[in-house]
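Please read the structure below before turning to the comments.
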Amino acid sequence: MIDLRAARNDPDTYRAALARKGAEAVFDELLAADRACLELQPRVEELRARTKLKGKPTPEQLEELRRVKVELQELEQRFAEAGERRQELLDRVPNPPAEDVPDGASEEDATVVKLVGEPTEFSFEPRDHLDLAAAHGWIDVERAARVSGSRFVYRVGDLALLEIALYRWALERIVQKGHVPVLPPVLVREEAMYGTGFFPSEKGDFYDVPEDGLYLVGTSEVPLAAFHMGEEVDGLPLRYVALSTCFRREAGAAGRDTRGMFRVHQFDKVEMFVFCEPERSRDEHERLLAIEEQLVQELGLPYRVLNIAAGDLGASAAKKYDIEAWFPGQSRYREITSTSNTTDFQSRRLNVRYRRDGKLEHVHTLNGTAVTARALIAILESFQDEDGSISVPEPLTAFGAPSRVGSGARELQFRT
RNA sequence: GGAGGGGUGGCAGAGCGGUCGAAUGCGGCGGUCUCGAAAACCGUUACCGGCGGUUCCGUCGGUCGAGGGUUCAAAUCCCUCCCCCUCCGCCA
1343 MIDLRAARND PDTYRAALAR KGAEAVFDEL LAADRACLEL QPRVEELRAR
1393 TKLKGKPTPE QLEELRRVKV ELQELEQRFA EAGERRQELL DRVPNPPAED
1443 VPDGASEEDA TVVKLVGEPT EFSFEPRDHL DLAAAHGWID VERAARVSGS
1493 RFVYRVGDLA LLEIALYRWA LERIVQKGHV PVLPPVLVRE EAMYGTGFFP
1543 SEKGDFYDVP EDGLYLVGTS EVPLAAFHMG EEVDGLPLRY VALSTCFRRE
1593 AGAAGRDTRG MFRVHQFDKV EMFVFCEPER SRDEHERLLA IEEQLVQELG
1643 LPYRVLNIAA GDLGASAAKK YDIEAWFPGQ SRYREITSTS NTTDFQSRRL
1693 NVRYRRDGKL EHVHTLNGTA VTARALIAIL ESFQDEDGSI SVPEPLTAFG
1743 APSRVGSGAR ELQFRT
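So in my numbering, spot 294 of the first sequence is number 1636, and the numbers just go up one at a time.
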């Protein structure tokens, strides 16, 4: 959530920034609700002060107290309602975008920050990941549909090994950068979803387990951010890297990316997360992007970096960089990583603070993708040969991936 | 899943209807002493919000796991939920 006091003191700056996210109206509603609260608060407090007394009251005082109580009840009721209204609106106001975020509301409004490498050239017609995988039985969507429904996949044989190697490699590389490795819970309470800014605005995008009041996380950003929920932290920056399965309803994505495993309800992801001092978060954001780029480079994938437009940012991000890799099967760049600076938006909701000169202040938080299965798809499509085999990026072979998959003898081993 | 015990300040731990934001100890910070340090001693040390002056202070309100209730008055009594511990059961 935003800093209400700061917004109250400088409403015009906040309004202008929030307008870029289309949140001008809700912000003005918030200010009005806030004024209503502030009008009632002194009156309530003044009456409450009158009910305070030390020791046993005399009969006359008791009489007076009963009268004040009646008066108070009505006012407290109104104050409580005003407070709820304000909180409700506060929960819906997004993090204002940073100044260096481009205007616009859609994907197309992002600016291309940099372009690295060239779209891969082929002397034959490159196949897409599903064609490639289907030929080897690596991705089984039919059986997955039977078992779980559409947008689920089985990864089988060498592809399973390759995918695990990818995660294991990424984890290792990020740990080398000083991040603490974590295997987090993927079922979380509502507070964690709220605290990271996914609730209430994106509630419909996630699976829940109503009987237990738990939610399946769409990213390990949630359990990582909530790791320090309610804490006073020290030793900043605190840097983590998690491997977890992620679950998304993809409710708004009907008909989009329906082929293969590009967009599925369940996937795995290695995710970076940082808690840092406010003045440091810009640098940390660049740092996370640099790590992401390095990984993509080590895999040998051509890519571009996008600075996402204000209106296309989620509620919690002040700024977001996406890396899009070239997917030869689709002949276009598609998102494979995303890193956001969420400034103090999550730490306010989660109440994560640190002590600076004896005073408690909210930390800044940042998240960034190391790798997901989308990188795997990009690898399949980018490093395919005409015979349908794939030459695996060298770094992955140290983590259990065969150096070439999809050729001859190995196939027999994993027949399904 | 069953039976019991418990959640109080940075930590440990008392308080179990009013004078309690809360004893005491430890830790932290400041000071005295000292060439310096330790020890000892003295002082200080929770958070959130409103208002007024505004490096900071004053004042009022709220907060003793969370929410609700009883009462003129709740850390203290009642209800619901959450969490932790012990024992039993079950289980990878």
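Where is the CB? At the ideal position from N, CA and C, for every residue including glycine.
These numbers come from a predicted model, not from an experiment.
Going by DSSP, name the residue or residues bridged to residue i.
i       : result
GLU1677 : GLU1666
ALA1584 : VAL1524 and GLU1613
ASP1482 : TYR1496
PHE1589 : GLN1608
LEU1648 : VAL1454 and ASP1664
LYS1701 : ARG1698
ARG1746 : SER1733
ARG1408 : Looking at the DSSP assignment, ARG1408 forms no beta bridge with any residue, so it has no partner.
CYS1379 : Bridge partners of CYS1379: none, in fact.
LEU1503 : Bridge partners of LEU1503: none, in fact.
ARG1531 : LEU1556
GLN1726 : ILE1732
THR1707 : PHE1617
Find the nearest neighbour of residue i within the set the options, judged by alpha-carbon distance.
i       : options                               : result
TYR1696 : GLY1577, PRO1384 and ALA1349          : GLY1577
LEU1504 : GLU1728, ASP1729, VAL1713 and THR1758 : VAL1713
PHE1604 : ALA1717, ALA1367 and VAL1517          : ALA1717
TYR1663 : GLY1671, ILE1678, PHE1669 and ARG1674 : ILE1678
ILE1721 : ASP1625, PRO1620 and PRO1644          : PRO1644
LEU1738 : THR1681, LEU1641 and ILE1633          : LEU1641
ILE1665 : PHE1541, ASN1693, ARG1691 and GLU1628 : GLU1628
GLU1563 : ARG1390, VAL1386 and ASN1683          : ASN1683
PHE1638 : GLU1371, LEU1457 and THR1538          : Sequence check: residue 1638 is Val here, not Phe. Closest by alpha carbon: LEU1457.
PRO1620 : GLU1634, HIS1706 and ARG1676          : HIS1706
VAL1583 : ILE1633, ARG1691, GLU1484 and PHE1725 : ILE1633
ARG1622 : THR1685, THR1561, ALA1477 and PHE1669 : THR1685
GLU1703 : CYS1618, SER1658, ALA1374 and PHE1669 : CYS1618
GLN1518 : LEU1556, TYR1549, ALA1477 and GLN1636 : GLN1636
MET1614 : GLU1574, ASP1699 and GLY1520          : GLY1520
LEU1513 : GLU1426, THR1711 and ARG1390          : THR1711
GLN1429 : GLU1449, GLU1405, VAL1412 and TYR1536 : TYR1536
GLU1371 : CYS1588, ARG1350, ARG1390 and GLU1388 : ARG1350
GLU1553 : ARG1531, GLY1572, ILE1516 and LYS1398 : ARG1531
SER1492 : ALA1593, PRO1542, VAL1412 and GLY1572 : ALA1593
Using three-state DSSP, classify residue i as helix, strand or coil.
i       : result
TYR1696 : strand
ASP1445 : coil
GLY1560 : coil
ASP1576 : coil
LEU1655 : coil
SER1733 : strand
ASP1370 : helix
THR1355 : helix
HIS1570 : coil
GLY1491 : coil
THR1684 : coil
LEU1414 : helix
THR1393 : helix
ARG1385 : helix
ALA1712 : strand
ALA1643 : Here the sequence assigns Leu to residue 1643, which means Ala is not the residue at that position. In this structure, LEU1643 counts as coil in the three-state DSSP scheme.
ASP1550 : strand
GLY1537 : helix
ALA1596 : coil
ILE1344 : coil
Check whether the Cβ atoms of residue i and residue j sit closer than 8 Å, and answer yes or no.
i       : j       : result
GLY1730 : ALA1507 : no
VAL1612 : ARG1581 : no
PRO1353 : ALA1660 : no
PRO1565 : PRO1523 : no
ILE1344 : VAL1435 : yes
HIS1607 : PHE1494 : yes
LEU1501 : LEU1529 : no
LEU1630 : LEU1585 : no
TRP1480 : GLY1499 : yes
LEU1472 : ARG1601 : yes
ALA1534 : ALA1568 : yes
GLU1366 : ARG1377 : no
ARG1420 : LEU1380 : no
ARG1385 : VAL1410 : no
ARG1485 : GLY1546 : no
GLN1672 : ASP1470 : yes
PHE1540 : GLY1560 : yes
GLY1656 : GLY1364 : no
ILE1761 : GLN1726 : Any question about residue 1761 goes unanswered here, given that the chain covers just 1343 to 1758.
PHE1609 : ALA1715 : yes
Below 8 Å on the Cβ atoms is my guess for residue i versus residue j; work out the distance and round it to an integer in Å.
i       : j       : result
GLY1446 : ALA1651 : 4 Å
THR1453 : LEU1648 : 7 Å
Is residue i a contact residue of the ligand GTP, with contact defined as CB to any heavy atom under 7 Å?
i       : result
ALA1349 : Absence of the ligand GTP is noted for the structure shown, with no ligands found whatsoever.
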